[in-house]
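Just remember that the numbering used here sits 6 ahead of the position in the sequence shown, which is counted from 1.
From the three backbone atoms N, C-alpha and C, an ideal C-beta is built for every residue, glycine too.
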Amino acid sequence: MTDKNSKTVDESSNNLKRSMKVHQVVMLGVGGTIGTGLFVGSGYTISKAGPGGTLLAYGFGALIMYLMMMCLGELLVAKPIAGGVQAYATEFIGDSMGFTVGWVKWLSYAITIPTQLVASGIIMKNIFPSVPELVWIILFMVLLFFMNARPAEKYGNINFWFSSIKFILIIVFVIVGLGMILGIGQPEPIGFSNFTSHGGLFPNGLKAVVMTMMISAFAYGGADLFAATASESENPEKDMPVAINSVILGLVISYFVSFIVLLAILPWNQADLAGSPFAYVFQKAGFKSAELVVNIVVLTSALSSCNAFIYSSTRSLWSMGQYKQAPGFVTKVNKNDIPMNALIITMLFALGAVVSSILSPDLVYLFLTSLIGISNMFIYVLYGVCVMKFRKQMSKDNISVDTLKYKTPLYPLIPILLIILSAVVFVGMFFDPTQKSALIAGIPTYSLIFLGAHIYYKNKGKKENK
7 MTDKNSKTVD ESSNNLKRSM KVHQVVMLGV GGTIGTGLFV GSGYTISKAG PGGTLLAYGF
67 GALIMYLMMM CLGELLVAKP IAGGVQAYAT EFIGDSMGFT VGWVKWLSYA ITIPTQLVAS
127 GIIMKNIFPS VPELVWIILF MVLLFFMNAR PAEKYGNINF WFSSIKFILI IVFVIVGLGM
187 ILGIGQPEPI GFSNFTSHGG LFPNGLKAVV MTMMISAFAY GGADLFAATA SESENPEKDM
247 PVAINSVILG LVISYFVSFI VLLAILPWNQ ADLAGSPFAY VFQKAGFKSA ELVVNIVVLT
307 SALSSCNAFI YSSTRSLWSM GQYKQAPGFV TKVNKNDIPM NALIITMLFA LGAVVSSILS
367 PDLVYLFLTS LIGISNMFIY VLYGVCVMKF RKQMSKDNIS VDTLKYKTPL YPLIPILLII
427 LSAVVFVGMF FDPTQKSALI AGIPTYSLIF LGAHIYYKNK GKKENK
């Protein structure tokens, strides 16, 4: 099952050192996905969809994430190579699609970095009003650059403990919240009446729930970040199945347990707060410094998510260089086996995006952030297509499916359902004014990338055949 676009596991890890432990791989996926959205943005979701609508919407997002992870799992365990969907699309669909999704993925990851940095700068500005946001952003960029310049195993350790802070907050939040719900340490129990009060489970109707589903589908964006470790994981064939199941379980538990507690304590019609809903719960429990503590945790959450996206976007760019879909110099590594050139380019792009957020927030920065909107669903569709192409290639090569160490369950239902539900999200975005700009910016941009790649590879093929 090889062709000109196929790479072996050894080739894919060329010059990178296999030293990352499985717990570090898992934390990259879970910690990278849970950013500021859960701690700050969840109030908006609750205020629009209500208690039942929020759980239903995030259940829909979790379903799409699960389907994607099942498809990714089969590919990643069978071929644990760097690049993820870019490498698989190149091998099973073609150079043009691999080139397109590679740059789409890198762009969306690289643009996510400045959004988290800007959020971090705003938080620090609130804590230290006299210090400009840009000072904090540059300081954090330098810190994250040096963290990512460390050897893979040391980076994994730093990221693991860095990301653990947000999970400590979630655990404390759940314990405090359950105490309030059950009346432990409180004058009287809050109970679960807020689920049915103030208009019931779905106070704003079905349309609000559907619109929130579109938003929740992106809440799990980054769940596949850990795939970038395929070339640096100690034992990818053993570690990747553990990572896949652990990331799914970690994300679902983190989101749903947090939301159940939050929805029980916070009335949905008071949830559209300027601050964090988590801070509201802690303040209601009697913690006087709740807002400051939550701000610090949200800061570390944003930075740890940013840290994971820097790692993954660097490896994505490195992988594209391996497939000659990016300049060859991005494949060079330093003495620590880190693709330093790819890291520098990623950080310079992030810095440019930060500058654009200051100089042209309504044009350049808005355009860049809009590109993130549809990238997740585009990537998810390709995971479904790639696993079907992979199975077709196996059949063509007379290789039994029984040889697979990790199979997509209920095949071909899972990849087909993934493609259909991702398409539903695409269509739904047309009816959501807040997300329509993502389609307007993303579809033409990504189409131009594909068209340019198609023309290039077509002409290249003609020259090679002469």
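Below 8 angstroms CB to CB, which residues in the same chain sit around Gly43 once its five sequence neighbours on both sides are set aside?
Counting only Cβ-Cβ distances below 8 angstroms, and skipping sequence neighbours, we find Ala225.
Please look up how many angstroms separate the CB atoms of Phe293 and Tyr64, rounded, as I've assumed it's under 8 angstroms.
Contact doesn't hold; Cβ gap of about 26 angstroms is too wide.
In whole angstroms, give me the CA-to-CA distance for Arg156 and Val107.
So the alpha carbons of these two residues sit roughly 28 angstroms apart.
Quick one, are the C-beta atoms of Thr51 and Thr218 less than 9 angstroms apart?
Yes; because the gap between Cβ atoms is below 9 angstroms, this pair is in contact.
Whole alpha helix (DSSP H) runs in the segment 286-351 with 4 or more residues, listed along the chain?
Here the runs fully enclosed are 296-328.
Excluding five sequence neighbours on each side, which residues of the same chain lie with their C-beta closer than 6 angstroms to the C-beta of Ser310?
For Ser310, where only same-chain residues beyond five positions count, the Cβ hits under 6 angstroms are Gly37, Phe168 and Ser169.
At the level of alpha carbons, what is the spacing between Val304 and Ile196?
One C-alpha to the other measures close to 26 angstroms.
So is Leu255 buried or exposed if we call it buried at 16+ other beta carbons inside 10 Å?
Burial call: exposed.
If you compare alpha carbons, which of Gly58, Ile40, Met75 and Pro57 is closest to Tyr412?
Of the candidates Gly58, Ile40, Met75 and Pro57, the one whose C-alpha sits nearest the C-alpha of Tyr412 is Met75.
List the DSSP bridge partners of Met26.
DSSP lists Ser239 as partners of Met26.
Which of the three DSSP states, helix, strand or coil, is assigned to Glu194?
Coil, per DSSP.
Run through DSSP, which three-state label would Tyr226 get?
Residue state, collapsed to three classes: coil.
Pick from Ser307, Ala308 and Pro283: whose alpha carbon is nearest that of Phe297?
Contrary to the premise, residue 297 reads as Glu rather than Phe in this sequence. With distances taken between Cα atoms, Glu297 lies closest to Pro283.
Taking a contact to mean a Cβ-Cβ separation below 9 angstroms, would you say Val361 touches Ala348 in this structure?
No, the Cβ-Cβ distance between Val361 and Ala348 is not below 9 angstroms.
Curious, which full-length alpha helix (DSSP H) runs of at least 4 residues does the segment 34-93 contain?
The segment 34-93 contains these whole alpha helix (DSSP H) runs: 48-84.
Pull up the distance between the alpha-carbon of Val393 and that of Leu81, whole angstroms please.
Each residue's alpha carbon lies about 7 angstroms from the other.
DSSP on Asn165, reduced to helix/strand/coil?
DSSP places Asn165 in helix when its eight states are reduced to three.
Would the beta-carbon of Ser77 fall within 9 angstroms of that of Leu424?
Checking the displayed sequence, the identity of residue 77 turns out to be Cys instead of Ser. Yes. Within cutoff.
Go to Thr106, then tell me how far its alpha helix (DSSP H) extends in each direction, as first and last residue.
Asp101 to Ile133 is the span of the alpha helix (DSSP H), which, as asked, contains Thr106.
So the alpha helix (DSSP H) Gly434 belongs to, where does it begin and stop?
Gly434 -> alpha helix (DSSP H) spans Leu419 to Met435.
Name the two residues that bound the continuous alpha helix (DSSP H) containing Trp142.
It spans Glu139 to Asn154 - the alpha helix (DSSP H) in which Trp142 sits, taken as one unbroken run.
Between the Cα of Thr414 and those of Phe134, Gly390, Leu140 and Pro138, spot the shortest distance and give me the residue it belongs to.
When only C-alpha atoms are compared, the closest one is Gly390.
Classify Phe384: buried if its beta carbon has 16 or more other beta carbons within 10 angstroms, exposed otherwise.
Its Cβ being crowded by 16 or more others within 10 Å, Phe384 is buried.
Would Asp403 be called buried (16 or more neighbouring beta carbons within 10 Å of its own) or exposed?
Asp403 comes out exposed.
Does the distance from the CB of Gly183 to the CB of Ala291 come in under 9 angstroms?
It is a contact, given that the beta carbons lie within the stated cut-off.
Mind checking whether Asp230 and Gly35 have CB atoms under 9 angstroms apart?
Yes. Within cutoff.
Taking the C-alpha atoms as reference points, what is the distance between Val431 and Gly59?
Near 16 angstroms, if we compare the C-alpha coordinates of Gly59 and Val431.
Contact defined as beta carbons within less than 8 angstroms: I believe Ala249 pairs with Lys54. What is the distance between those atoms, to the nearest angstrom?
Not a contact, Cβ separation roughly 33 angstroms.
Count the C-beta pairs between the segment 129-136 and the segment 104-121 that are closer than 8 angstroms, then say yes if the count reaches three, no if not.
Segments in contact, no.
Mapping DSSP to helix, strand and coil, what is Lys411?
Note: Lys411 maps to coil in three-state DSSP.
Taking the alpha-carbon positions, what's the Val124 to Ile426 distance?
Roughly 34 angstroms between the two C-alpha positions.
Just to confirm before moving on: does the CB-CB distance between Gly228 and Phe166 stay below 9 angstroms?
Going by C-beta atoms, Gly228 is not nearer than 9 angstroms to Phe166.
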